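Visitor: Chains as they are written, first to last, in the working numbering: chain F, -8 to 430; chain A, 39 to 225; chain E, 20 to 330.
Glycine is no exception: its CB is placed at the ideal position from the N, C-alpha and C atoms.
Quick caveat, the model's predicted, so the values are computed rather than measured.
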Amino acid sequence: MIGIEALTGILLVCIIAAFALGAPVGLALGGIAMGIGYITWGDALFNVIPTTLESTHFSFILLAIPLYIYMGQLLTRSGIGDAMFNASQMLIGRIRGSLAISVIVVCSMIGAMVGIIGAGIMTSGSIALRPMLERGYDKRLALGVIMAGGGLGILIPPSIPMIMFASSTQNSVGRMFIGALVPALITIVLLIAYVVISCKLNPKRAPLDAVPDVLPTAKEKLLTARDGLLSLLLIVAVLGSIIMGIATPTESGAIGVVGAIVLAILFKRFKPRMVQKAGMQAALLVSVALWIIVGASVFSNFHLLMGVQNMVAGFTQDLGLPPIVIIMLFQLIMLLLGFIIDEFIIVLICAPIFTPIAVALGYDPIWFGILMILNIEIAVQTPPYGFALFYLKGIAPPDVTMLDIYKSILPFVLLKLCVLITVMMFPELVTWLPDLLMD
Amino acid sequence: MIMTAIRRYCLGVHTVVAFVGNSVSYLMPVLACVVAFEVFSRYILDEPTIWAYDVSLFLFGYIAALGGAYAQQQRAHINVDILYNKVSARTKGIFNLFSFALAMFFVVIICKMSIGKFEEALEFNYRRQSEWAPQTHHYWLMITVACVLLILQLSSDWINSFHQAITGKPLLLAPSQESQETQEGNP
Amino acid sequence: HAAEHNWRFANLYNRGTAFGEVYQNLADNINTMSNGRINVQMLYAGEGVGQTGILGSVKTGLIAMGAPFQSMHAGELPAGVVEVGLPGGTDDVGELSTLFHEKGWAPILKEAYGSQGLVWLDPYVQPPVYVITKDPITSVEDFKGLKIRAPGAYGKFLRNLGASPVSLSWSEIYTSLSTGVIDGSIGSNIIDHRDGNHVEVAKYMYPLPLAGAQVLPIVVNRNAWKKLSPDLQAIVEGATAIHAQEQMTKSILWESEALADMQAKGLKWSPEPSDADKVAWKEAGMGLLDEYAASDKYSKQLIDVLRKEQQ
Ligand code: NA
Ligand code: NA
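What follows is the structure, encoded as structure tokens:
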């Protein structure tokens, strides 16, 4: 029988080959798993498909994806998304990169509504990508901002990976949610700082809006402010529906859809055709996202049935290294796993294997969990296999290539790596706030 | 003669898949309404429904699976186009022959397994494990249909790529030219 | 040397949890007792097979052995829901053992599982199901109008008491309790409530369990089973019996530990129910028998035995 290390190597080679030929990602992942699986296991492996389909399509957590995508499409097609950005730009003033900054702010708010990466990136992407590209923003800056901002969905509470981590290591969810706030704030500040500085250094990346021939009248300004305020109210309403216990994070997407339609009617921009076209585009995106998830899950389920988790467990035995080096080694392993494994599986495999070791070395489990979340945020946007990359490609206009996306991530991955290292060096950044509020 | 038949086959597949893809989009607002109704019913009327949970999940599955063939037609499935964008149209055709065959292999297996599950679900009267407990056989039938559509679309695209690999030109008009309007994200 | 039989064995618990280890011990025991002739590889929660996929995966032979939780398969094998223990059922382990081994449940279940290509091995007992609420429950009346996350049979039971069952995924329970989307939730046992951190957001546990003791089976794929020689079959059965013992002793211990953990975080029991409450509770459970007997022929046979018992 073939060893798991060799099998992992073969799978990686197949992925790279299929990706290089431009094969559809999800279908290729499934095809590779079934092909290699048939050779190493036989056709009994095909039975992994029904259970994988059921656990993907009947996942209430993933249901957030269609609802939030639809909300995003309705917002952008009714022009409400634009109103939101016009108003927030008016607030920030005429500085370079102001649109990118408002995108980061909006992404953070969406991050506070959703608990998974896909919903965050595809909603933010729907609303914010086109306005940035239309105003002549550098493609890479625009893409990178959406990906980095959308990724905040799992760092800003509520966060499904954090709930998974807390339950599989028996830690407090509340403590984790609060512990993530300071690292999230640091990330947001760093992202905004990056936008401001890089636009200062290279003004071409973010052109200033042309000064209109006729300056806007006070009345026009008031209208922009009113429209923008109403649109921001939608976000507040969706957030409010979660905080007030009206809806779960998943269901709040539906509140957003209804709210977007109500706003469109208020703005006199409602047309049945718009609802249908938004539905068309949303259905297409949902299907694209879910076929990737199905293919990738079939792939990872095969890999797990073959015992990849034992390989990870094997790495950690008899290390005999200084504690902080072990923590760093864990981060490295997770970053490497991120090349071919998705975020939930990383938590599933690594949380129970690594956390007890970290705790035995005297580290705080919540701190270690936040490191894991920060790490996953990076893993989902590193090529070749990263859900953030795939989602963003799905939402981007056709002339954005995967190469554009790969190139866009570098500064943002470095920023997130900075956050990871900072938090690793100063555990108080995580532990201080929960200690203050919960003890 | 044969070319005409092949062309007809491809156009026929194109029409059917486009029709199903369009129809599925009407489920989007229905899905949102079902979830919103559950929230309304639970929070305002204090009466959570027994059915909304399963109905919304079924709708989710239908939209996700049935849209697959249309996404293939629109070339909306995500691919890594780094090398792909650099090669000639003919080489692209050759690449596609491989990619679409790999994809078809996977979808054929899904199709075969779903037919099995459909028969099993009928035989043992499988239901969801919820209190409402709706039957699940239709879900497997739907997956089978979605897979057949996707296989048809992939086969049509494979023929098209084969033509392109040999002649350097597509057999039919490229899908992106035919449906520019639906593909771009503009309102 | 290579094993004659390579088995994969899936359970519902996470790697590193106490219960996960008990299943690991069963796997290890089969390895040692068979002198390495059967090699069992353990798969923890989500490692290749979803929670709702365990039974189906054992049926098809994707994995050879599984420890399913029957409520997850209510729509697939309804008799399993009667087997695990309908709400209001007994918590007396001796009584349960008689029910299975002398009154005839075991052969009925062997046939029910057998009809779907599964070999049913002797079951084991896990701790009761409790409901946790944000506000104290002073009488059964208080359940009226409460939104409680409770799937399947437990939902029906609480509906009989006037509550409104809500369907939610497990990972949304915490957030939903904390924001007030729901007023309470059941967990598959006290340990489940502890692991889900529910006590941080809901402090009251109702003293009457929804199911007294839960009976769970170990299932094996029929073809994999038939390939075993009789002595190996006996070894697997023997290891399963040891496992059942370990489940019993350890789960009592862990349940009390989980309870202590939660009490340290502020968990309180709702006040002791009155006799009238206890009767209402029992009746809400009995009201389900007819409905469950109607779901399939094996459920009916099991419930017929139960009824004869009560007369
Ligand atoms: Na979030
Ligand atoms: Na990656």
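1. I'd like the span of the beta strand (DSSP E) that includes alanine 29 of chain E, first residue to last.
2. Along chain E, in chain order, which residues have C-beta atoms closer than 9 Å to that of leucine 438 of chain F?
3. Give me the Cα-Cα distance between alanine 35 of chain F and lysine 268 of chain F, rounded to the nearest whole angstrom.
4. With a cut-off of 8 Å, do at least 3 Cβ pairs link the segment 67 to 86 of chain A to the segment 245 to 257 of chain F?
5. How about glutamate 45 of chain F: is its C-beta nearer than 8 Å to some C-beta of chain E?
6. Within the 8 Å Cβ cut-off, does serine 195 of chain E reach chain F?
7. Give a single yes or no on whether valine 164 of chain F has its beta carbon closer than 7 Å to a heavy atom of ligand 1.
8. Note down the Cα distance separating glutamine 167 of chain A from glycine 171 of chain E, rounded to an integer number of angstroms.
9. Compare the C-beta of threonine 241 of chain F against all C-beta atoms of chain E and say whether one is closer than 8 Å.
10. Per DSSP, which one or two residues make a beta bridge with alanine 230 of chain E?
11. Here's the rule: buried if 16 or more other CB atoms are within 10 angstroms of the residue's CB, otherwise exposed. What is threonine 198 of chain E?
12. Can you give me, in chain order, the residues of the segment 94 to 112 of chain A that have a beta carbon less than 8 Å from any beta carbon in chain F?
13. Let me see if you follow: with CB-CB separation under 8 Å, is threonine 198 of chain E close to chain C or not?
14. Figure out for me which residue from E:Asn33, E:Asn44 and E:Ile73 has the closest Cα to the Cα of valine 239 of chain E.
15. On the three-state DSSP scale, how would you describe arginine 264 of chain F?
16. Quick one: which chain F residues come within Cβ less than 7 Å of arginine 27 of chain E?
17. Are the beta-carbon atoms belonging to valine 68 of chain E and threonine 42 of chain F less than 8 Å from one another?
18. At a CB-CB cut-off below 9 Å, which residues of chain E make contact with phenylalanine 78 of chain A?
19. Just how far apart, CA to CA, sit asparagine 134 of chain A and phenylalanine 330 of chain F?
20. Closest to glycine 104 of chain E by C-alpha separation, out of E:Lys319, E:Trp300, E:Gln233 and E:Ser289, would be which residue?
21. Just to confirm before moving on: does the CB-CB distance between glycine 85 of chain E and serine 76 of chain E stay below 8 Å?
22. Measuring only the C-alpha atoms, how far is isoleucine 1 of chain F from glutamine 272 of chain F?
23. Taking 8 Å as the threshold, find out whether the segment 40 to 56 of chain E comes into contact with the segment 203 to 211 of chain E through three or more Cβ pairs.
24. Would you say alanine 103 of chain F touches ligand 4, meaning its beta carbon is less than 7 Å from a heavy atom?
25. Which two residues bound the contiguous beta strand (DSSP E) that contains lysine 166 of chain E?
26. Spatial neighbours of leucine 352 of chain F within its chain, please: CB distance less than 8 Å, with the 5 preceding and 5 following residues excluded, ordered by chain position.
27. Under the rule that 16 or more other beta-carbon atoms within 10 Å means buried, what is histidine 294 of chain F, buried or exposed?
28. Could you confirm whether any beta carbon from chain F is found closer than 8 Å to the beta carbon of asparagine 117 of chain A?
29. Is the CB of phenylalanine 257 of chain A under 8 Å away from at least one CB in chain F?
30. What residue range is occupied by the uninterrupted beta strand (DSSP E) comprising glutamine 60 of chain E?
31. Measuring only the C-alpha atoms, how far is proline 389 of chain F from phenylalanine 381 of chain F?
32. Regarding serine 89 of chain F and ligand 1, is the C-beta to nearest heavy atom distance less than 7 Å?
33. On the three-state DSSP scale, how would you describe tryptophan 32 of chain F?
34. Alpha carbons only, please: which of E:Ala169, E:Thr259, E:Val159 and E:Ala258 is nearest the one belonging to leucine 180 of chain E?
35. Where leucine 401 of chain F and serine 137 of chain A are concerned, what is the direct C-alpha to C-alpha distance, given to the nearest angstrom?
36. Looking at the structure shown, is isoleucine 19 of chain E part of a helix, part of a strand, or coil, going by DSSP?
Guide: With the given structure in hand:
1. Boundaries of the beta strand (DSSP E) harbouring alanine 29 of chain E: 24 to 29, taken from the DSSP string.
2. Chain F is shown only over -8 to 430; residue 438 of chain F falls outside these bounds and no answer can be derived.
3. Cα to Cα, alanine 35 of chain F sits roughly 42 Å from lysine 268 of chain F.
4. Verdict: yes, contact present.
5. For glutamate 45 of chain F, at least one C-beta of chain E is nearer than 8 Å to its own C-beta.
6. Chain F contact via Cβ: present.
7. The answer is no for valine 164 of chain F.
8. The straight-line gap from Cα to Cα measures roughly 6 Å.
9. Yes, threonine 241 of chain F lies at the interface with chain E (some Cβ there is under 8 Å from its Cβ).
10. Bridge partners of alanine 230 of chain E: E:Val148.
11. So threonine 198 of chain E counts as buried.
12. Flagged, chain order: Ser94, Leu95, Phe98, Gly99, Ile101, Ala102, Ala103, Leu104, Gly105, Gly106, Tyr108, Ala109, Gln110 and Gln112.
13. Annotation note: the requested chain C is absent from the structure, which comprises protein chains F, A and E.
14. For the residues E:Asn33, E:Asn44 and E:Ile73, the minimum Cα distance to valine 239 of chain E belongs to E:Ile73.
15. Note: arginine 264 of chain F maps to helix in three-state DSSP.
16. Going along chain F in sequence order, the residues near arginine 27 of chain E (Cβ under 7 Å) are Leu296.
17. Contact annotation: valine 68 of chain E and threonine 42 of chain F have beta-carbon atoms nearer than 8 Å.
18. None at all; the shortest Cβ gap to chain E is about 13 Å.
19. Roughly 24 Å separates the two Cα atoms.
20. Of the listed residues, the one whose Cα sits closest to glycine 104 of chain E is E:Gln233.
21. Cβ atoms of glycine 85 of chain E and serine 76 of chain E: closer than 8 Å.
22. Here the alpha carbons of glutamine 272 of chain F and isoleucine 1 of chain F stand approximately 36 Å from one another.
23. No: fewer than three Cβ pairs fall under 8 Å.
24. Judged by which ligands are present, ligand 4 is missing from the structure shown, whose ligands are ligand 1 and ligand 2.
25. Here the beta strand (DSSP E) through lysine 166 of chain E covers 166 to 168.
26. Non-local C-beta neighbours of leucine 352 of chain F in its own chain, meaning closer than 8 Å and more than five positions away in sequence, comprise Pro314, Ile317 and Ile318, ordered along the chain.
27. Residue environment: histidine 294 of chain F is assigned as buried (16 or more neighbouring CB atoms within 10 Å of its CB, all protein chains considered).
28. Interface residue, yes.
29. Because chain A in this structure spans residues 39 to 225, residue 257 of chain A falls outside the shown range and cannot be described.
30. From DSSP, the beta strand (DSSP E) with glutamine 60 of chain E extends over 57 to 62.
31. Taking the Cα positions, proline 389 of chain F is about 13 Å away from phenylalanine 381 of chain F.
32. For serine 89 of chain F, the shortest separation between its Cβ and any heavy atom of ligand 1 does not lie below 7 Å.
33. Coil, per DSSP.
34. Closest option to leucine 180 of chain E, Cα to Cα, is E:Val159.
35. In a straight line, the C-alpha of leucine 401 of chain F is about 29 Å away from that of serine 137 of chain A.
36. Not covered by the structure: residue 19 of chain E. The range shown for chain E is 20 to 330.
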